[in-house]
Structures are given as structure tokens and as C-alpha cells.
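Enquirer: If you're matching them up, the sequences are chains A and B in order.
Residues 1 to 167 (this note's numbering) make up the first sequence, in order.
Residues 168 to 274 (this note's numbering) make up the second sequence, in order.
C-beta: ideal position from N, C-alpha, C; glycine also.
Remember, it's a predicted structure, so these values are computed and weren't measured experimentally.
I'd like to ask some things about the structure below.
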Amino acid sequence: MNAGEIVFLFIILATMCGAAMTLFSPSIVYALVGLVTAMFGVAGLYIYLNSPFLAMMQILIYVGAITVLIVFAIMLAGPLYRRPSEWTTRGKLGAALGVALISLLLFFRFVVETFPKYGAPRFVMGTKDIGRAFFNELMLPFELISLLIVVGILGAIMLAIFSRGRR
Amino acid sequence: MNYLLYDHLHVYLFVAIFLLFCGIAGVLYRRTLIGMLVSMELIMNGAGLNLAALNRFVSPENASGLAFTLIIMGIAAAEAALALSIIILIFRKYSHIEGGNLEEMKD
């Protein structure tokens, strides 16, 4: 086992611990910290997948933008001490874990039976190829994504303005 | 031939499945709307990792999976912005953000 594999195992461990912390932590702020850990771990996995541009975008968009947005929402949605308890009943925990475990097992079986076990072909797709893909065959989805983001931002602004005017 | 650990497809797919598992369980189990949204972001991360890993191992001659991962990131950003604005509206109106008590969105 060389150094790269040890770092890889550490990244996987950090990702899974972050995801579990997102699921099980009693406070929403700690859940957000776990989400950030999982996102950094996924960025590290992107680097191991030979796509550093994707890792940079992951850190920039997810960790940089969405997390700050969620933190603002947590701060705006009232003081923390008046927050109700974060979890639902114990029966719902059982139901949630059951549904999630069934999906986990089904997908695991599907994945193990479908895809080849070994084999890492050479992968030379860089940032330039992603840009080519976006501007050749994925032109319409690219433009639609920009339209979606503009409409989303305008909708958020509209919601804020009209709700304030009515009260 | 000796393959390294990070040359296996199954490792990445297992991490992606685990993220999806935690996300689904979190959406069902959390009570506040922000907790559900955080779990939803976890699901989106798992989907992106899945696409990138499959692109690298199954079809390495094009970059469609990476491009779709970027599209997923854009969709996640727009979705988070809209969902958080709606959550703040709900908080202003009802002064709580529990998902179970919201029966009607209008009026």
C-alpha cells in the first residue's frame, strides 16, 4: 500500500464520517459541518478521478456558495434556542433506515453485477475537453442552466419583495 | 496485474451509494426544512460523484459525465437559493420551520 492509497482511504473515511454526521448530529449547525466535510471529501475523490477542474468547482460552488447560503438561512430562521428537537419519532427513524437500507442493498447488488470489477483505462479528459463538450454537443443544456439560475434568482428576489410588502 | 485501490470503480460507487443512503435517510428523518435541504445536497453530491466515476471508468473517451456533474452543481445552486427563500418565507409566516406541520402553502 503506497502513500496515495493511504490518502485515498483517509478521504473516503472523511467523506463517510461527514455523511453520517449530517444524518445523526442533533444540531443543524453540526450537520452543516458534516456536510462540508463530505463535500471536501468528494472534491478529493474528484482529484483521484483525474478531474481537478471538477474538484475546484465543487469547492467553489458547494462549499463556497451553497454552504454560506444555508448558514445565512439558519441564522435568519430564528434563534437557535427556540428550535424544536431536530428529529422525528423513533418509528420514523426505523422507517427511514429501512427504506434507505433497501435502496442501498438494491443499488449495491445492481452495481456489483453490472459494472466491470477492474480496469482503469487511461483518462485524458481535461478542462479543455469539458469546455469543448459544453460548447459543441451540450450547448442547449448549458444555456438552459444559465436561464434556470437567472429565473431562480429572480424568483427568490420576487418572493422576498412581495412577502415584505404584504406584511 | 496489480491494481491500486483508487483504480477500482466499486470504491467510488460505494461512496456515492453511501452518500445517497445518508441523504435519503436524512430527508425522511430530519424534522426541520433546513435539515431536509442539507440532506438533499448530500444526495446531489452522491449523484455527481457517481457520474464522474462512471465517466472515468466506463466511457473514458468523452467528457459528458463531467459536464453533467457541472450541470448538477448549477441545478443544486439554483435549487438551494429558491428553497432557502421559501423556507425563510415560511418562517416569517408561521415562525417555525418544521416540515410536519405545514399543511397548506397558500394564504
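#1: Beta carbon of B:Ala234, beta carbon of B:Gly213: below 7 Å?
#2: Output yes or no for whether 7 Å exceeds the beta carbon distance between B:Ala247 and A:Leu35.
#3: Inspect the beta-carbon positions of A:Met125 and B:Ala230 and report whether they are closer than 7 Å.
#4: With which residues is B:Glu265 paired in a DSSP beta bridge?
#5: Which residues in chain A sit within 8 Å of B:Ile242, going by Cβ to Cβ distance?
#6: List the residues of chain B whose Cβ lies closer than 7 Å to the Cβ of A:Ile66, in chain order.
#7: Any beta carbon from chain B within less than 7 Å of A:Gly176's own beta carbon?
#8: So which residues on chain B does A:Glu5 lean against when the C-beta distance must stay under 8 Å?
#9: Taking the straight line between their C-alpha atoms, what separation do you get for B:Ala192 and B:Asp174?
#10: Against A:Leu140, what residues of chain B qualify as contacts under a CB-to-CB distance less than 9 Å, listed in chain order?
#11: How is B:Tyr170 classed by DSSP in three states: helix, strand or coil?
#12: Count the CB pairs spanning the segment 20-27 of chain A and the segment 47-65 of chain A that are closer than 8 Å, and state whether there are at least three.
#13: With a 10 Å radius around its C-beta and 16 neighbouring C-beta atoms as the bar for buried, classify A:Gly98 as buried or exposed.
#14: When you compare only the Cα positions, how much space is there between A:Cys17 and B:Glu265?
#15: Indicate the three-state DSSP secondary structure (helix, strand or coil) for B:Ser206 in the structure shown.
#16: Quick one: what does DSSP say A:Leu138 is sitting in, helix, strand or coil?
#17: What are the residues in the segment 184-202 of chain B lying within 9 Å of chain A by C-beta distance?
#18: Could you check where the alpha helix (DSSP H) with A:Glu113 kicks off and where it finishes?
#19: If you draw a straight line from the C-alpha of A:Ile11 to the C-alpha of A:Ile161, how long is it?
Expert: In this structure, then:
#1: In this structure, B:Gly213 does not lie closer than 7 Å to B:Ala234 by Cβ.
#2: Going by C-beta atoms, B:Ala247 is not nearer than 7 Å to A:Leu35.
#3: Note that the C-beta distance between A:Met125 and B:Ala230 is below 7 Å.
#4: Residue pairing of B:Glu265 in beta bridges, as defined by DSSP: B:Thr199.
#5: Result: Ile145, Leu148.
#6: Ordered by position in chain B, the residues that pass the 7 Å Cβ test against A:Ile66 are Glu208, Ala243, Ala244, Ala247.
#7: Nothing can be reported for residue 176 of chain A: it is not among the residues displayed for chain A, which extend from 1 to 167.
#8: Below the 8 Å Cβ cutoff, chain B contributes Leu171, Leu172, Tyr173 as neighbours of A:Glu5, in chain order.
#9: Within the model, the alpha-carbon separation for B:Ala192 versus B:Asp174 is close to 29 Å.
#10: Under the 9 Å cutoff, chain B gives no residues; its nearest Cβ is about 11 Å from A:Leu140.
#11: Secondary structure at B:Tyr170: coil, using DSSP grouped into helix, strand and coil.
#12: Of all C-beta pairs linking the segment 20-27 of chain A to the segment 47-65 of chain A, fewer than three are shorter than 8 Å, placing the two stretches out of contact.
#13: When all chains shown are included, A:Gly98 counts as exposed.
#14: If you take the alpha carbons of A:Cys17 and B:Glu265, they lie about 26 Å apart.
#15: DSSP places B:Ser206 in helix when its eight states are reduced to three.
#16: Reduced to three states, the DSSP call for A:Leu138 is coil.
#17: Per Cβ criterion, the list reads Ile184, Phe185, Leu186, Leu187, Phe188, Cys189, Gly190, Ile191, Ala192, Gly193, Val194, Leu195, Tyr196, Arg197, Arg198, Thr199, Leu200, Ile201, Gly202.
#18: It spans 90-114 - the alpha helix (DSSP H) in which A:Glu113 sits, taken as one unbroken run.
#19: Going by the C-alpha atoms only, they are around 43 Å apart.
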